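Residue numbers (our numbering): 35 to 117.
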């Protein structure tokens with residue numbers, strides 16, 4: 035069950051282009067109550083997705099995302115939308 039203020043998206047088995055489309059859709063659907071989007075990509079086959087997340091959403095490249103941070107384990111990356 036997601037914690038309050040957090041959305042989760044499972045990106046397992048997706049190619050980077052598909053993962054980006056799914057992340058963009060989740061970002062569009064996130065309302066003001068969402069603080070964090072947890073992206074579950076895995077840590078073996080998900081490294082390309084993790085790198086894409088850093089490239090596409092880090093460093094102020096998306097107006098909704100304040101920062102990108104590692105999750106609870108190497109297979110999770112989080113997008114912080116609000117502090």
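Just so you know, even glycine gets a beta-carbon here, dropped at the ideal spot from N, CA and C.
None of the values given here were measured: they were computed from a predicted structure.
Exercise. Taking all protein chains shown into account, decide if residue 81 is buried (16 or more other Cβ within 10 angstroms of its Cβ) or exposed.
Key: Residue 81 should be labelled exposed.
Quiz item: Should residue 53 go down as buried or exposed, given a rule of 16 or more other Cβ atoms within 10 Å for buried?
Solution: The residue in question, residue 53, is buried, as its Cβ has 16 or more Cβ neighbours within 10 Å.
Practice problem: Could you tell me if the beta carbon of residue 83 falls within a distance shorter than 7 Å of some heavy atom in the ligand NAP? | Solution: The ligand content of the structure shown is nil, which means the ligand NAP is not present either.
Quiz prompt | Outcome for residue 77 when other beta-carbon atoms lying within 10 angstroms are tallied against a minimum of 16 | solution = Residue 77 should be labelled exposed.
Quiz prompt | C-alpha gap between residue 39 and residue 75, whole angstroms | solution = When the Cα atoms are used, residue 39 and residue 75 turn out to be separated by approximately 20 Å.
Self-check item: With 16 other Cβ atoms within 10 Å as the buried cut-off, status of residue 109
Solution: Buried, because 16 or more other Cβ atoms sit within 10 Å of the Cβ of residue 109.
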